[in-house]
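Before any comments, here is the structure.
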Amino acid sequence: MPRSQSRFLPLMRTLQSLPERVMRREVLAERFVSLGPEETLAFLEEVVAGVPRRRPLCLCALEAAGEVISSAGQKGPLYEVLSEVYRLASERELGGVVHLMITARPQRGPVAPEDLASDPEMGRRTLGERKFLARGHNPLRLQQLLRDPDPAVLQNLLRNPAITEREVVNLAARRPTREEIQWEIHRSRFGVRYRVRLALAQNPYSPPGLVLKLIGFLLRADLEMIAGDGSLHPRVRAEARRILEEKAAPSASAATPETVDPPADPADER
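Every number in my numbering is 792 more than the matching position in the sequence shown, counting from 1.
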């Protein structure tokens, strides 16, 4: 890591040493507030610069930064810092940081709950009944509930140990789908799995604000597919192209070999 960027190395190492996503998010949120806008922007610049080279510390920090930005809300000291960071990044044309922070409507949608093809039998049950069944172990019921349009039902399903990664990949790839469902998938224990991230990124119904926080984890071949996919949001395609260009730069010759998944949190394996 370049000497000029080394002042953030202790913070990145601290994040990497923490065992769970929520811990990394909370620590980084506190640091952003204490650092202030200029230093937070410098940190995000360093993270974004290291992502195309698959630097493990930067990938870990990218995940934590995405979690912080997604959960910042619309008021308070953290929101004020991030708002100023976004303004500065836009003013200085720092595309990688801007893309990490933007929110935008999906390329397709929005989709109302009643527009999703849910299971007819489950549609006759109350929300409370469906949430209860989502915690059970009846395979037929769980398959029916995977089509449920309510994020509260899906949240219980994603916590259910009977649900598999393959089912979640199929759920993330479903079209049409709702923004809220895609966010629930991302926040779940499956959200760090490569195939789940890829399915979310390739779905034009996924919110760009989510996809742009995931795209830095994708491998070259998948980035190339996304960059050329006209069904996806223009900002998503632009960020894929930006990362590919960075990968092709001469300084990328010392890149870390591409890997699929970061180490999983112990909590995500339960």
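Ideal Cβ placement from N, Cα and C applies to all residues, glycine included.
Is it buried or exposed, residue i, if we count other Cβ atoms within 10 angstroms and call 16 or more buried?
{"i": "Arg805", "result": "exposed"}
{"i": "Gln935", "result": "exposed"}
{"i": "Tyr878", "result": "buried"}
{"i": "Trp997", "result": "The amino acid occupying residue 997 in the given sequence is Tyr; Trp does not appear at that position. Tyr997 is buried by the Cβ-count criterion."}
{"i": "Lys1005", "result": "buried"}
{"i": "Thr956", "result": "exposed"}
{"i": "Glu855", "result": "buried"}
{"i": "Ala954", "result": "exposed"}
{"i": "Ser826", "result": "exposed"}
{"i": "Asn962", "result": "exposed"}
{"i": "Asn930", "result": "exposed"}
{"i": "Asp907", "result": "exposed"}
{"i": "Gly969", "result": "It is Thr, not Gly, that sits at residue 969 in the sequence shown. So Thr969 counts as buried."}
{"i": "Ser809", "result": "exposed"}
{"i": "Ala1056", "result": "Here the model assigns Ala1056 a pLDDT of 46, short of 50, so the residue's position is not dependable, and the following value carries that caveat. It is exposed - the Cβ of Ala1056 has fewer than 16 other Cβ atoms within 10 Å."}
{"i": "Arg897", "result": "exposed"}
{"i": "Gly920", "result": "exposed"}
{"i": "Leu892", "result": "buried"}
{"i": "Gly858", "result": "buried"}
{"i": "Pro844", "result": "buried"}
{"i": "Leu807", "result": "buried"}
{"i": "Leu932", "result": "exposed"}
Of the choices the options, whose alpha-carbon is the least far from that of residue i?
{"i": "Asp1021", "options": "Gly1001, Ala834, Gln899", "result": "Gln899"}
{"i": "Arg951", "options": "Pro869, Ser980, Val839", "result": "Ser980"}
{"i": "Ile973", "options": "Phe835, Leu827, Ile955, Ala904", "result": "Ala904"}
{"i": "Thr918", "options": "Ala1032, Val945, Ala909", "result": "Val945"}
{"i": "Val984", "options": "Ala1030, Val889, Ala964, Leu1036", "result": "Ala964"}
{"i": "Leu820", "options": "Leu1002, Val840, Leu870", "result": "Leu870"}
{"i": "Asp911", "options": "Leu874, Ala853, Ser862, Asp940", "result": "Asp940"}
{"i": "Leu849", "options": "Asn948, Glu921, Pro802", "result": "Pro802"}
{"i": "Ala1041", "options": "Met815, Gly842, Arg817, Val814", "result": "Gly842"}
{"i": "Arg813", "options": "Glu976, Gly865, Val860", "result": "Val860"}
{"i": "Leu1072", "options": "Arg987, His1025, Ser1023, Pro1026", "result": "No answer is possible for residue 1072: it lies beyond the span of the chain, which begins at 793 and ends at 1062."}
{"i": "Glu822", "options": "His1025, Pro811, Leu874", "result": "Leu874"}
{"i": "His1025", "options": "Gly901, Gly868, Glu913", "result": "Gly901"}
{"i": "Arg958", "options": "Asp942, Pro943, Phe982", "result": "Phe982"}
Please work out which residues of its chain come closer than 7 Å, Cβ to Cβ, to residue i, disregarding the five sequence neighbours upstream and downstream, and give them in chain order.
{"i": "Asp1014", "result": "Leu990"}
{"i": "Ser889", "result": "Here residue 889 turns out to be Val, not Ser, going by the sequence shown. Cβ neighbours of Val889 beyond the five flanking positions: Leu833, Leu836, Glu837, Val840, Ala881."}
{"i": "His978", "result": "Leu992, Leu1002"}
{"i": "Arg967", "result": "Asn995, Tyr997"}
{"i": "Arg1033", "result": "Ala1019"}
{"i": "Arg817", "result": "Ala856, Glu859, Val860, Ser863"}
{"i": "Leu886", "result": "Glu837"}
{"i": "Leu937", "result": "Met914, Arg922, Leu925, Ala926, Val945, Leu949"}
Who are the near neighbours of residue i in its chain, counting only those whose CB is closer than 6 Å to its CB and skipping five residues on each side?
{"i": "Phe835", "result": "Phe800"}
{"i": "Asn948", "result": "Lys923, Ala926, Arg927"}
{"i": "Gly1008", "result": "Val843, Leu854"}
{"i": "Arg1029", "result": "Ala1019"}
{"i": "Glu1031", "result": "His891, Leu1004, Ile1007"}
Consider the Cβ of residue i: report whether some Cβ of chain C lies at a distance smaller than 8 Å.
{"i": "Leu1024", "result": "Included in the structure is just one protein chain, with no chain C present."}
Tell me which same chain residues have a C-beta within less than 8 Å of the C-beta of residue i, skipping the five on either side of it?
{"i": "Pro999", "result": "Thr895, Ala896, Arg897, Pro898, Glu971, Gln974, Trp975"}
{"i": "Cys852", "result": "Met804, Leu807, Gln808, Arg816, Pro1054"}
For this session: Report yes or no: do the stretch 986 to 994 and the stretch 912 to 928 share at least 3 C-beta pairs separated by less than 8 Å?
Result: no
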